[in-house]
Amino acid sequence: MLSSTATRRVLAHQSHVNSKRTYILSALTGAFSVGNYILGNDIKLANQMENGELHRPKSDNEEELKKLDKPLFERPTPNYEGHVPLHPVEKLATFIGSSIGAFLHPEENKYIVALGESTAFPFVLRNLRNEMLSDPVGRQILRERPRMTSTSLDLDYLKSLPDNTMGKTYVKWLEREHCSPDTRVQVRFIDDEELAYVFQRYRECHDFYHSITDLPIVREGEIAVKFFEFLNLGIPFADIG
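Counting from 730, one number per residue, gives the positions in the sequence shown under our numbering.
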């Protein structure tokens, strides 16, 4: 058995060892906590940067530079296939340019087309659409939106009709004037898709009015047909013509 002196030495040694262990464990725990805090912040910042959640406040100069980087002219998104949306200034320029071009060169179809669309005001086309909606056939046309071409009209069949019919009169006029219903240009500058079709329908019916009135494709004949169209449809372009 150990003497009381030896026992006290052993207990004192164990107490000293335990104190060292406690100190080391405390130091390790503190170091781990500090490291975890530092690394945890770094990981958090990295995650925020990756997710786009960390943003530096922009100065007034940066905001101004961002505004200057935007293009001065940005065309709106088209509303339908082939649509070319125009800004008010462009519409005015199209109207002026096509008016001058149509007056100096009425034989140039591009000026006539542009003048017609630049003066096809929405309220006029809405009136025509309402007229079509008031009739069962007009409603069917707006719903199905057929196009008048040499295929859809079946010119061979129209040619076989009696002389006093609209179909035969129309085909005879086409042959006499060397025209084709396939030459009508697609509407591009009218923003509303349905109103664009209304104007397209008007454009494709133009030769019907020629055949009804038996007017040829000459300047005087076109002026007379335009007057006929204006009185019946109220199209501004026809009045200008």
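Idealized CB from N, CA, C, for every residue including glycine.
Keep in mind that this is a model prediction, so the values were computed, not measured.
Cα-Cα separation between residue i and residue j, rounded to whole angstroms
i, j, result
"ARG905", "ASP883", "18 Å"
"LEU962", "ARG804", "32 Å"
"GLY830", "GLU837", "8 Å"
"LYS901", "THR806", "43 Å"
"SER828", "PRO965", "13 Å"
"LEU833", "SER879", "31 Å"
"ASP892", "PRO945", "19 Å"
"LEU890", "VAL947", "27 Å"
"GLY950", "HIS907", "15 Å"
"HIS939", "VAL813", "29 Å"
"ASN856", "ALA822", "26 Å"
"PHE852", "LEU887", "35 Å"
"ASN808", "PRO865", "27 Å"
"VAL954", "PRO875", "24 Å"
Proximity of residue i and residue j at Cβ, strictly below 8 Å
i, j, result
"LEU854", "PHE918", "no"
"SER863", "LYS820", "no"
"GLU933", "PRO910", "yes"
"ASP943", "LEU903", "no"
"PHE957", "ASP968", "no"
"GLY678", "GLN915", "Lying before the first or after the last residue shown, residue 678 is absent from the chain, which here runs from 730 to 970."
"ARG930", "ILE841", "no"
Pick from the options that is closest to residue i, judged by C-alpha positions
i, options, result
"MET877", "PHE928, ILE964, GLY845", "PHE928"
"ASP885", "THR898, ALA822, GLU873", "THR898"
"PRO817", "PHE850, ASN859, LEU890, TYR809", "PHE850"
"LYS839", "ARG913, ASP920, TYR926, TYR938", "ARG913"
"ILE952", "ASP921, PHE824, ASP920, PRO835", "PRO835"
"GLY867", "MET895, GLU923, CYS908, GLY896", "GLU923"
"ASP921", "ALA822, ILE825, THR823, ARG858", "ARG858"
"MET895", "HIS907, MET861, ILE825, ILE941", "ILE941"
"TYR926", "PHE824, THR823, GLY826, MET861", "MET861"
"ILE825", "VAL954, VAL813, ALA843, TYR809", "ALA843"
Distance cut-off 7 Å: residue i Cβ against heavy atoms of the ligand ADP
i, result
"ILE969", "Annotation note on the ligand ADP: not contained in the displayed structure, which lists no ligands."
request  = Kindly provide the ranges of any beta strand (DSSP E) runs that are 3 or more residues long and lie completely inside the stretch 870-921, ordered along the chain.
outcome  = none
task = Within the stretch 817-869, note down every full alpha helix (DSSP H) run reaching 4 residues or more, in order along the chain.
result = 817-833, 838-847, 851-862
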